[in-house]
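Numbering (the working numbering), first residue to last: 401 to 970.
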């Protein structure tokens, strides 16, 4: 077999209405080829990436963010028949399609709506819909054209539908003959299974209005959709969808690029405000105290369904292996060289430890990528970006919080003050693409003058009130975590094991205080430095600073309201 042509499904510029919308196809399902071989239909979702307060002046809403579509291909010319594209109203993901034996009818599974759309295959007109179980993701018509079989992914069943009235008599009716369980005892815990079912569903009016927006609409299989959304109307800005895999819910600290959620249950607000759902907790509970605000009164324990959703997201604790490594699973020569660059450049001071992220999720960093389109944080000043993990970075393009970097090399170059030789940049980008789940922890170089603070399994106590970078390892094998406050356990659980079979120790390098709050922090002439602002483990930082910088909330925003803060140089 050889590839004859790649057909690109184009962005649709149809008007955004209650029954149609613009956008680009995504999550393409398998093409359903007509019995005569002349055409094919490709089911998918359609992402309205040109919409948003910043982009076109219209805020994203429940029905004009993601919509389910089917795109027709002319197999004689190998082109898309754009005018024939079908917009499946009141659904956001068309997951599968199948013709009947005659080619007269097309069946399309609508995952979020728990339905199969039945279409006139020639005109594209919808004839009726068939009710299904949770998250229909596959379907096929029997050879004798009398049965439609539907796999309900989250219903854990295969549904047999009698379509004889339609295919034999032309009558717009069908009936379910049987539903066969596909799973005896589910491997998922009951609350995790419930959470996953909620994650894939939008038919439940508590989750979404008119069956449009499920969690899986943007995070299919817990991953990401590769899109950058305009969330300006939501008090944020341009935001690149983050994968949920390997992050174990709050495993890396607060959620999102701006750390604007401190519990998975904070999605209750997004369910209500963006998806148009009525919510998984009562209005009375939601409006108690500051619970209706992210970072407000805790929502955990107030709704069994919301807690189940959090349990499912928390269960996503496995990072993928790297597919770019050598056949033995080892780093390639270029990646090994890039690993040395990573350590020498101190990348682990932000992307550190076993998570290749900021250890406690308590740090917002301005590394030079924030711009006007980055918007705000919870409707206020955006002081920095949460430091993301690098473990699966090869799979999460486009890069940076706003999707503005098309490659890993471009993402590195976007960091303020970053200047690398071309070979070093290429090697570093290669290493980033091979980290995967295989790397034990983020490599670092132990600086001269580092102070020993604990042996392995001990506790490293740090100078009072001073952020420090803590190094863990032995010989020439070190990992580090930056902006640590007070103390940290010196063990493999926290840092990973950089020197297996060897006794290890912890060392620290404390940041240098340069001013109190409301004073001026001055970087020594001829140098650039990272300036850290905050107190008690809550910090905002800015990299590549030279000269003088005001040490106040106006410059950095306030990482810890009501507490006196300071600035330090690193």
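Glycine included, every Cβ here is placed at the ideal spot set by N, Cα and C.
> Of all the options 659, 717, 863 and 756, which has the alpha carbon lying nearest to the alpha carbon of residue 739?
Replying inline: Position 339 of the chain shown holds residue 739. Ranking 659, 717, 863 and 756 by Cα distance to residue 739 puts 756 first.
>> Assuming residue 554 and residue 597 are in contact, meaning their beta carbons sit under 8 angstroms apart, how far apart are those beta carbons, in whole angstroms?
In response: On the chain shown, position 154 is the one that residue 554 refers to. On the chain shown, position 197 is the one that residue 597 refers to. Right, the Cβ-Cβ distance comes to about 5 angstroms (below 8 angstroms), so this counts as a contact.
>> Tell me the DSSP secondary structure of residue 499 in three-state form.
In response: Taking the chain shown and counting its residues from 1, the one referred to as residue 499 is at position 99. Note: residue 499 maps to strand in three-state DSSP.
> If we ignore side chains and look at the alpha-carbon of each, how far apart do residue 721 and residue 883 end up?
Replying inline: Mapped onto the chain shown, residue 721 falls at position 321. Mapped onto the chain shown, residue 883 falls at position 483. Residue 721 and residue 883: Cα-Cα distance of roughly 28 angstroms.
> Just to confirm, are residue 913 and residue 966 a CB contact at a threshold of 7 angstroms?
Replying inline: Here the question's residue 913 lines up with position 513 in the chain shown. Here the question's residue 966 lines up with position 566 in the chain shown. Cβ distance < 7 angstroms, so residue 913 and residue 966 count as in contact.
> Just reading off the beta strand (DSSP E) that residue 658 is part of, what are its end residues?
Replying inline: Start at 1 with the first residue of the chain shown, and residue 658 comes out as number 258. Looking at the DSSP string, residue 658 is not in any beta strand (DSSP E), and its letter there is neither H nor E.
> What are the boundary residues of the beta strand (DSSP E) that residue 536 is part of?
Replying inline: As a first step, residue 536 must be located in the chain shown, where it is residue number 136. Element bounds for residue 536: 536-541.
> Does the count of Cβ pairs from the segment 870-882 and the segment 903-912 closer than 8 angstroms reach three?
Replying inline: yes
>> Can you look up residue 747 in the DSSP assignment and give me helix, strand or coil?
In response: Your numbering for residue 747 matches position 347 in the chain shown. Helix.
>> So, at 8 angstroms on beta carbons, what are the nonlocal neighbours of residue 539 in its own chain, with the 5 sequence-adjacent residues on each side left out?
In response: The residue given as residue 539 occupies position 139 in the chain shown. Hits under 8 angstroms: 496, 497, 498, 507, 509, 516, 548, 549, 550 and 551.
> Roughly how many angstroms separate the alpha carbons of residue 416 and residue 823, rounded to a whole number?
Replying inline: For the purposes of this step, residue 416 is taken as the residue at position 16 of the chain shown. For the purposes of this step, residue 823 is taken as the residue at position 423 of the chain shown. Their backbone Cα atoms lie some 47 angstroms apart in a straight line.
> Which residue comes first and which comes last in the beta strand (DSSP E) that contains residue 813?
Replying inline: Here residue 813 corresponds to residue number 413 of the chain shown, with the count starting at 1. Premise fails: residue 813 lies in the alpha helix (DSSP H), 808-813, not in any beta strand (DSSP E).
> If you drop the 5 nearest sequence neighbours on each side, which residues of the same chain put their C-beta closer than 6 angstroms to that of residue 685?
Replying inline: Within the chain shown, numbered from 1, the residue matching residue 685 stands at position 285. The residues are 702.
>> residue 919 and residue 951 - do their beta-carbons sit closer together than 7 angstroms?
In response: Your numbering for residue 951 matches position 551 in the chain shown. Your numbering for residue 919 matches position 519 in the chain shown. Contact: yes.
>> Between 604, 666 and 459, which has its C-alpha nearest residue 698's C-alpha?
In response: Here residue 698 refers to the residue found at position 298 when the chain shown is read from its first residue. That would be 666, whose Cα lies nearest to the Cα of residue 698.
>> Can you list, in chain order, the residues of its chain with a C-beta nearer than 6 angstroms to that of residue 655? Leave out the 5 residues immediately preceding and following it.
In response: Sequence index remark: in the chain shown, residue 655 carries index 255 (1-based). These residues qualify, in order along the chain: 661.
>> Which residue wins for smallest C-alpha separation from residue 847, given the options 879, 426 and 406?
In response: By one-based count along the chain shown, residue 847 stands at place 447. With distances taken between Cα atoms, residue 847 lies closest to 879.
> Cβ atoms of residue 640 and residue 803: under 7 angstroms apart, would you say?
Replying inline: Sequence index remark: in the chain shown, residue 803 carries index 403 (1-based). Sequence index remark: in the chain shown, residue 640 carries index 240 (1-based). Result yes, Cβ atoms of residue 803 and residue 640 sit closer than 7 angstroms.
> Which residues mark the beginning and the end of the beta strand (DSSP E) in which residue 905 is found?
Replying inline: Translated into the one-based positions of the chain shown, residue 905 becomes position 505. First-last of the beta strand (DSSP E) with residue 905: 905-910.
> Would a C-beta distance cut-off of 7 angstroms place residue 836 and residue 944 closer than the cut-off?
Replying inline: Your numbering for residue 836 matches position 436 in the chain shown. Your numbering for residue 944 matches position 544 in the chain shown. No; because the gap between Cβ atoms is not below 7 angstroms, this pair is not in contact.
> When the Cβ atoms of the segment 463-474 are set against those of the segment 418-433, are three or more pairs found closer than 8 angstroms?
Replying inline: yes
> Is the beta carbon of residue 843 less than 7 angstroms from the beta carbon of residue 743?
Replying inline: As a first step, residue 843 must be located in the chain shown, where it is residue number 443. As a first step, residue 743 must be located in the chain shown, where it is residue number 343. Yes, Cβ-Cβ distance for residue 843 and residue 743 is below 7 angstroms.
>> Does the structure place the segment 688-698 close enough to the segment 568-586 that three or more beta carbon pairs sit under 8 angstroms?
In response: no
> Per DSSP, residue 777 is paired with what?
Replying inline: Taking the chain shown and counting its residues from 1, one reaches residue 777 at position 377. The partner list for residue 777 (beta bridge, DSSP) reads 780.
>> Measuring alpha carbon to alpha carbon, tell me which residue in 614, 752 and 589 is nearest residue 624.
In response: Taking the chain shown and counting its residues from 1, the one referred to as residue 624 is at position 224. Checked all of 614, 752 and 589; the closest Cα to residue 624 is 614.
>> Using a 10 Å radius around the Cβ and a threshold of 16 neighbouring Cβ atoms, would you call residue 412 buried or exposed?
In response: On the chain shown, position 12 is the one that residue 412 refers to. When all chains shown are included, residue 412 counts as buried.
>> I want to know whether the segment 605-613 touches the segment 674-683 - three or more CB-CB distances under 8 angstroms.
In response: yes
> Taking the alpha carbon of residue 560 as the point to measure from, which residue in 567, 532 and 709 has its own alpha carbon closest?
Replying inline: Here the question's residue 560 lines up with position 160 in the chain shown. Considering only alpha carbons, the answer is 532.
>> Helix, strand or coil, according to DSSP, for residue 902 in the structure here?
In response: Position 502 of the chain shown, counted from the start, is the residue given in the question as residue 902. Coil, per DSSP.
> Does DSSP put residue 895 in a helix, a strand or coil?
Replying inline: Indexing the chain shown from 1 puts residue 895 at position 495. Looking at residue 895 - three-state DSSP - the assignment turns out to be helix.
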